[in-house]
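Residue numbers for the sequence shown follow the numbering used here, so the first one is 10 and each next one is one higher.
All C-beta atoms in this analysis are idealised placements derived from N, C-alpha and C, irrespective of residue type, glycine included.
Since this is a predicted model, take the numbers as computed values, not measurements.
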Amino acid sequence: MEPRIAPSMSIMDKLNILADAAKFDVSCSSSGSSRKGDGKGIGNTVKAGLCHSFAADGRCISLLKILFTNECIYDCKYCVNRCSNDVPRASFTPDEVCELTIEFYRRNYIEGLFLSSGILVSPDYTMELLCQTLYKLRTVYNFQGYIHVKAIPGADPALIQKAGFLADRMSVNLEMATAEGLQKAAPNKHRKTILKPMKLIQNGIVANREELVLYNHAPRFCEAGQSTQMIVGALPESDYQIMAVAQSLYQKFSLKRVYYSAFVNVNEDKDLPALPGGPPLLREHRLYQADWLLRFYDFTVDELLTQDRPNFNMMIDPKADWAVRHLELFPVEINRADYRLLLRVPGIGVNSARRIISARRFGPLTFEDLKKIGVVLKRALYFITCNGKMMYPTKLEENYIVRNLTYQSLASKKERSLFSPDGMRYEQMSLFG
Numbered sequence: 010m011e012p013r014i015a016p017s018m019s020i021m022d023k024l025n026i027l028a029d030a031a032k033f034d035v036s037c038s039s040s041g042s043s044r045k046g047d048g049k050g051i052g053n054t055v056k057a058g059l060c061h062s063f064a065a066d067g068r069c070i071s072l073l074k075i076l077f078t079n080e081c082i083y084d085c086k087y088c089v090n091r092c093s094n095d096v097p098r099a100s101f102t103p104d105e106v107c108e109l110t111i112e113f114y115r116r117n118y119i120e121g122l123f124l125s126s127g128i129l130v131s132p133d134y135t136m137e138l139l140c141q142t143l144y145k146l147r148t149v150y151n152f153q154g155y156i157h158v159k160a161i162p163g164a165d166p167a168l169i170q171k172a173g174f175l176a177d178r179m180s181v182n183l184e185m186a187t188a189e190g191l192q193k194a195a196p197n198k199h200r201k202t203i204l205k206p207m208k209l210i211q212n213g214i215v216a217n218r219e220e221l222v223l224y225n226h227a228p229r230f231c232e233a234g235q236s237t238q239m240i241v242g243a244l245p246e247s248d249y250q251i252m253a254v255a256q257s258l259y260q261k262f263s264l265k266r267v268y269y270s271a272f273v274n275v276n277e278d279k280d281l282p283a284l285p286g287g288p289p290l291l292r293e294h295r296l297y298q299a300d301w302l303l304r305f306y307d308f309t310v311d312e313l314l315t316q317d318r319p320n321f322n323m324m325i326d327p328k329a330d331w332a333v334r335h336l337e338l339f340p341v342e343i344n345r346a347d348y349r350l351l352l353r354v355p356g357i358g359v360n361s362a363r364r365i366i367s368a369r370r371f372g373p374l375t376f377e378d379l380k381k382i383g384v385v386l387k388r389a390l391y392f393i394t395c396n397g398k399m400m401y402p403t404k405l406e407e408n409y410i411v412r413n414l415t416y417q418s419l420a421s422k423k424e425r426s427l428f429s430p431d432g433m434r435y436e437q438m439s440l441f442g
């Protein structure tokens, strides 16, 4: 089974088209695989993982990120590769993807492969080509490095399972936070069709772990887990809706990561926002910060946001936003607060909270001690006391604290000169007008 390709197009021409077409898919950071080379093949991967990201040991790691094809039978309104767009089209063959991966690896350009695809002919046809590519890469070309592949919604479960035994990580993009939003922006896609392979991958991971307990040398299934991506700002979905879906995905499908991609307006469509100010990158950043709070700080979505207040304050980070709306819990006494409460103080992270718990066993801590521990005092000083005293005289009042935190975050003296905190409520500020 070979894809439809232009016979006159060189592999480098295809690479230019299909590497550029893959840039809008951000769900490729990964870790958790322990596939190792056996000395007979090429490449290896360790638990640090691969991609354009930072590994657990601090290394900056890279991968070849391409689409198998940018031909697509779907007409998603937000996608540059939709079938109604007049753009250059190209398709690789399985051998071409294998040769590119090996040659890039030999030149030390990459450590692994991220392979996605448009839908060519049908989901089954496309998934079969992806499986052929991975199988050849593993068995014919003896590549034992990291591979992240997209599972195609609507494809035969047997094909997705086959890919899971060949790849280290798989992902299925949810695209929109709500089923209604998906139907509006991607009329050919359906929420149930996307969630089905997610559940299949999760079940395969759980079953494989149980099998590995009994048989240590059993083939590994998608050892680095699965991830997904949601587009931010294409539709009027609130931060509360987006984060509620992310929390549900973590709980129901044990996802490693949910990625948030600021909407880039690449198509002219009346149903999509014009975005005169460009992609909502600051909103994307705030959602990543909130996602971190869900995964590592024991927050829930209903604590961070509510139906009445469904969006984050863009001027401060979500943790500070939560703190100023719950001033009844503050100030926190550093020498008595438990670990969970310390984690909720702006300016105190996981490492500094652990250091505080450990250090105060040897005596009461001072603000100077906290500075040495790594606490960001310019943010924490509004919310903590040491031995019953605050660092400076301050007011526990929402507008006052937000004005000061916002003023500190302004990058230049010129920006600060435009900001007058006296008599101004932070909700009315306009820094980008």
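Tell me the rounded alpha-carbon separation between residue i and residue j.
i: Ala186; j: Ala253; result: 9 Å
i: Ala168; j: Trp301; result: Position check: residue 168 holds Leu in this sequence, whereas Ala was assumed. Roughly 33 Å separates the two Cα atoms.
i: Asn396; j: Tyr416; result: 28 Å
i: Arg388; j: Gly356; result: 5 Å
i: Ile210; j: Leu139; result: 16 Å
i: Tyr249; j: Asn117; result: 43 Å
i: Pro166; j: Leu258; result: 20 Å
i: Phe376; j: Val411; result: 22 Å
i: Lys205; j: Phe262; result: 11 Å
i: Val130; j: Pro162; result: 14 Å
i: Lys328; j: Val385; result: 13 Å
i: Gly358; j: Leu281; result: 38 Å
i: Ser62; j: Glu120; result: At Ser62, the pLDDT of 47 sits below 50, so the modelled position is not reliable; the number obtained from the coordinates is stated separately. Computed Cα separation, rounded: 12 Å.
i: Asn276; j: His226; result: 49 Å
i: Lys23; j: Lys32; result: 15 Å
i: Gln256; j: Leu303; result: 7 Å
i: Lys201; j: Met400; result: 53 Å
Pull up the CB-CB distance for residue i and residue j, whole angstroms please, since I reckon it's below 8 Å.
i: Phe272; j: Pro288; result: 6 Å
i: Ser236; j: Pro319; result: Rounded, the Cβ-Cβ distance is 25 Å, inconsistent with contact.
i: Ile393; j: Val341; result: 5 Å
i: Ala164; j: Pro196; result: So it is not a contact: roughly 19 Å between Cβ atoms.
i: Ile128; j: Tyr83; result: 6 Å
i: Glu293; j: Val241; result: 5 Å
i: Tyr134; j: Cys107; result: About 19 Å separates the two Cβ atoms, so there is no contact after all.
i: Arg321; j: Phe230; result: With the sequence shown as reference, residue 321 is identified as Phe, and Arg is not the correct amino acid for it. Phe321 to Phe230, Cβ: 37 Å. No contact.
Is residue i buried or exposed, if buried means 16 or more other CB atoms sit within 10 Å of its CB?
i: Lys198; result: buried
i: Lys404; result: exposed
i: Leu73; result: buried
i: Asp330; result: buried
i: Asp326; result: buried
i: Val310; result: buried
i: Phe305; result: exposed
i: Glu137; result: buried
i: Leu191; result: buried
i: Gln153; result: buried
Provide the residue(s) that pair with residue i in DSSP beta bridges, ordered along the chain.
i: Val267; result: Thr237
i: Val445; result: This structure cannot settle anything about residue 445, because the visible part of the chain is limited to 10 through 442.
i: Arg178; result: His157
i: Ile75; result: Leu124
i: Lys205; result: Lys205 pairs with nothing; no bridge assigned.
i: Glu184; result: Met239
i: Ser100; result: Thr78
i: Lys398; result: Cys395
Any heavy atom of the ligand NAP closer than 6 Å to the CB of residue i?
i: Ile325; result: Judged by which ligands are present, the structure shown has none, so any question about the ligand NAP falls away.
Checklist entry - Would you say the region 173–180 touches the region 70–84, given that touching needs at least three Cβ pairs under 8 Å? => result Touching, no.
Item to check | At least three beta-carbon pairs within less than 8 Å, the region 152–159 to the region 207–222 | outcome: Segment contact: the region 152–159 against the region 207–222, fewer than three CB-CB distances shorter than 8 Å; contact not assigned.
Next on the checklist: I want to know whether the region 306–322 touches the region 258–272 - three or more CB-CB distances under 8 Å.
Outcome noted: Counting Cβ pairs under 8 Å, fewer than three are found: no touch.
Next on the checklist: Any contact between the region 137–155 and the region 98–112? By contact I mean 3 or more CB pairs, one from each, below 8 Å.
Outcome noted: In short, these stretches touch, since the Cβ pair count reaches three.
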